[in-house]
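Colleague: Per our numbering, residue 7 is the first one in the sequence shown, and the count goes up by one each step. Beta carbons are placed, not taken as given, at the ideal position from N, Cα and C, and that holds for glycine. Just so it is clear, the structure is predicted and the values come from calculations on it, not from any experiment. This is the structure, below, for whatever I ask next.
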Amino acid sequence: MKKELKSTKAPGAIGPYSQAVKAGNFIYVSGQLPIDASTGEMPAEIKDQTAQCLENISAILAEAGASLDHVVKTTVYLADMSLFGPMNEVYAKYFEGGIFPARAAFAVKELPKQALVEIEVVAFHCEG
Numbered sequence: 007m008k009k010e011l012k013s014t015k016a017p018g019a020i021g022p023y024s025q026a027v028k029a030g031n032f033i034y035v036s037g038q039l040p041i042d043a044s045t046g047e048m049p050a051e052i053k054d055q056t057a058q059c060l061e062n063i064s065a066i067l068a069e070a071g072a073s074l075d076h077v078v079k080t081t082v083y084l085a086d087m088s089l090f091g092p093m094n095e096v097y098a099k100y101f102e103g104g105i106f107p108a109r110a111a112f113a114v115k116e117l118p119k120q121a122l123v124e125i126e127v128v129a130f131h132c133e134g
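Structure (structure tokens):
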């Protein structure tokens, strides 16, 4: 059984997909752009964009009673690999204190809305 997850604290989907889907004990969060849902704005710098992506992911996970502590896998898409170091600095702070998730990070030709970063995650969360 699968269930759609939505959060008004994260930007809505800009296409025919869900912000996230919970299937069993797994939560699949679609790639999150660094858009502030309350303003519709995107920060200019990679560190701020990375933080906004992870804040959006946190808000979506919270809809299922989960958090970044439950993330087991991430995929990070970058507009350019030169952004890897600064992205990684911020990313590490969001996951410190626990087991870091498995991760893939790579550069793509272009991201929607000319974002510098997009992050998707898979989380494992047993309710109750």
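Mind listing, in chain order, the continuous alpha helix (DSSP H) runs of no fewer than 4 residues lying wholly within the region 83-124?
Modeller: Runs of the alpha helix (DSSP H) inside the region 83-124: 90-101.
Colleague: Using 10 angstroms around the beta-carbon of Cys132, count the other beta-carbons present and answer buried if the total reaches 16, otherwise exposed.
Modeller: Walking along the sequence shown from the start, residue 132 turns up at place 126. Exposed.
Colleague: With 16 as the cutoff for other CB atoms within 10 Å, does Lys9 come out buried or exposed?
Modeller: As a position in the sequence shown, residue 9 is number 3, starting the count at 1. Exposed: under 16 other Cβ atoms inside 10 Å.
Colleague: Which of the three DSSP states is assigned to Ser44 in this structure?
Modeller: What you label residue 44 is simply residue 38 of the sequence shown in a count that begins at 1. If DSSP states are grouped into helix, strand and coil, Ser44 belongs with coil.
Colleague: Could you check where the beta strand (DSSP E) with Ser36 kicks off and where it finishes?
Modeller: The residue given as residue 36 occupies position 30 in the sequence shown. That run of the beta strand (DSSP E) goes 32-38.
Colleague: Determine which residues share a DSSP beta bridge with Glu10 and list them.
Modeller: Position 4 of the sequence shown, counted from the start, is the residue given in the question as residue 10. Glu10 pairs with Val27.
Colleague: Provide the residue(s) that pair with Thr80 in DSSP beta bridges, ordered along the chain.
Modeller: As a working mapping, residue 80 is identified with position 74 in the sequence shown. BP columns for Thr80 point to Arg109, Val127.
Colleague: So, under 8 Å CB-CB, Gly37 and Glu124 are touching, yes? Tell me the CB distance rounded to an integer number of Å.
Modeller: To locate residue 37, count along the sequence shown from 1; it is residue 31. To locate residue 124, count along the sequence shown from 1; it is residue 118. Right, the Cβ-Cβ distance comes to about 4 Å (below 8 Å), so this counts as a contact.
Colleague: Quick check on DSSP: helix, strand or coil for Pro53?
Modeller: Within the sequence shown, numbered from 1, the residue matching residue 53 stands at position 47. What sits at residue 53 in the sequence shown is Lys, not Pro. In this structure, Lys53 counts as helix in the three-state DSSP scheme.
Colleague: DSSP three-state call for Ile20: helix, strand or coil?
Modeller: Taking the first residue of the sequence shown as 1, we reach residue 20 at position 14. DSSP places Ile20 in coil when its eight states are reduced to three.
Colleague: Taking buried to mean at least 16 other C-beta atoms within 10 Å of its own C-beta, is Ala29 buried or exposed?
Modeller: Reading the sequence shown from its first residue, position 23 is the one you call residue 29. Ala29 should be labelled exposed.
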